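For reference, the structure is listed below as structure tokens.
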Amino acid sequence: MTNNYILVGAERQAELEAAKAAFFMSGNKIEVLESFKFKPRDPRKDIDSPLSRHGPRGKLKRTSESHFTRRLAYVDTIRELAKTMTIDQAMAATGKSESAMRRAAHEGGFMFKSKIVDRERDLKLIERLTALRDAGLSRIAACRKAGISDSLLHRLELTYEFSFPKRWEKRA
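Here the sequence shown stands for residues 25 to 196, numbered as in my numbering.
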């Protein structure tokens with residue numbers, strides 16, 4: 025048996041020699057490039073080392089006491105806003121998120137001014153919800169149909185003594 029790898033290698037070598045000859049005939053020449061040279065890593069630069077680019081760290085360090093006093097001042101400013109504003113107005117004034125406002129209210133033990141309730145709008149909603157209730161819709165379906173949340177429906181029930189039975193309660 026003959027080894028086909030030897031024959032294939034010889035053919036490949038002949039092709040490479042022909043390509044080299046054509047390259048030299050066209051007037052080109054071979055350039056020998058410089059090989060990779062190993063460069064060791066720079067020595068480690070400690071904070072106190074004279075080799076470090078930056079000087080020693082500044083003395084401004086946040087302590088728990090300074091953070092606590094700043095947080096108390098922040099909560100006090102939010103408390104002053106809460107006396108005259110709703111949470112949405114305070115969010116617009118400070119640029120903070122609703123969760124930040126609620127967290128400050130919880131930490132400070134205060135509440136924001138409640139939103140202004142439109143009594144006429146509430147009575148119209150109650151009429152519409154009564155019609156939906158009498159038509160046999162569930163609470164969730166009625167809320168979706170009216171475009172309100174379940175918490176608003178609950179507020180209407182508490183404020184205006186309006187009843188919308190839950191699914192497991194029987195209607196009288």
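Every residue, glycine too, gets a C-beta built ideally from N, C-alpha and C. Please read these numbers as outputs of a predicted model, since none were measured by experiment.
- Secondary structure of N28 (DSSP, three-state): helix.
- In this structure L149 is in contact with A170, their Cβ atoms being roughly 6 Å apart against a cut-off of 8 Å.
- In the three-state scheme derived from DSSP, where H, G and I count as helix and E and B as strand, T110 is classed as coil.
- Note on geometry: alpha-carbon atoms of L57 and T87 lie some 58 Å from one another.
- Inclusion of K139 and T118 in the CB contact set at 7 Å is not warranted, their separation being larger than that value.
- For L180, the enclosing alpha helix (DSSP H) has its first and last residue at 174-184.
- With 16 or more other Cβ atoms inside 10 Å of its own Cβ, I102 counts as buried.
- Relative to the Cα of I172, the nearest Cα in the group D158, L182, D146, F186 belongs to D146.
- In this structure, L177 is the residue among K137, L177, V141 with its C-alpha nearest to the C-alpha of L153.
- If you look at R143, you'll find it in the alpha helix (DSSP H) that goes 143-158.
- Taken through DSSP and simplified to helix, strand or coil, I140 comes out as coil.
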